[in-house]
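What follows is one structure encoded as structure tokens, with my remarks underneath.
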Amino acid sequence: MSRLEKFVNEAEIKDLLVRERYYRDSHKWENLRQCYHPDAAKTSINITWYNGDVDGFVTGSEQMAARKSASSSHTVCPVVVTVNGNRAVSESIGTILVRFTYDGGSYDCCSHGLFVSRLERSDDEWKMLSLEVIYDRDSIQSVTPSSNNIGIEVDPKARESYRCLAWVLAQNGFSVDQTLPGTDDPGSAEDLMSRSFKWLKAQ
């Protein structure tokens, strides 16, 4: 692969990753779906509130947005893209911000992690196959500095890397997997990266 080809591939993939998060946050569901491979059977999204293919993810995201009990936004900064032929693995620093109300107060839950995706070139266009996150840390803060978190009791036994995010999701009726990759369980993060690059090299 020439330097120009490498640059173009990385630029196209990074653009796709940023647009995918934007489309979800702005509720552009058709555009969100188009970021992923057209064959849903080849896709896999495994995050706190969902584990399944892209069609279910888009439907679930739309249903979540319709609840209006909380609003979320994402920032994502693609850092490393490794390309091998028609396959690629991306690593992006990301943040999830959820604003919600509880017991009369307004709060922000902020979650930090590393977003990892597998991608494949389909009809000369890069498409996402997967989305997983290595969760790092999170917090809940009052929107109004003068107030506090009275009444919010996060389970101290929950996973440290995403316990606050899990609490917010649980308040909205979601069951959260406690075995996801996280920096509080280094082996889980290493396993995700190992599987991702094994897939990349298998082409």
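Take 323 as the starting number for the sequence shown in our numbering and just add one per residue.
Glycine included, every Cβ here is placed at the ideal spot set by N, Cα and C.
DSSP bridge partner residues for residue i (one or two, in chain order)
i	result
A524	Bridge partners of A524: none, in fact.
M450	Y358 and L441
L487	Paired residue(s): none; L487 is not in a bridge.
F379	BP columns for F379 are empty, so no partner.
H434	T417 and R459
Residue of the options minimising C-alpha distance to residue i
i	options	result
S452	D499, T423, Y372 and P467	Y372
V498	D337, P360, E413 and T370	T370
I456	V476, S433 and Q463	S433
W489	V476, Q500, S483 and R341	V476
N494	T423, D361, V405 and L502	T423
R459	L491, T365, C486 and D445	C486
L354	G473, E413, T501 and M450	M450
S394	A333, I462, D347 and R341	D347
Same chain, Cβ closer than 8 Å to residue i, five either side skipped, listed in chain order
i	result
G416	R343, H396, T397, V398, C399, H434, G435, L436, F437 and V455
A363	D375
K328	V405
M323	N331 and V405
Contacting residues, own chain, Cβ-Cβ under 6 Å from residue i (five flanking each side not counted)
i	result
A387	H349
P503	I456, S510, A511 and L514
C-beta contact flag for residue i and residue j at 8 Å
i	j	result
S483	T466	no
W448	E334	yes
Close Cβ partners of residue i (< 7 Å) along its chain, the five nearest in sequence each way excluded
i	result
G407	Q525
Quick one: complete alpha helix (DSSP H) runs, 4+ long, within the segment 393-430? none
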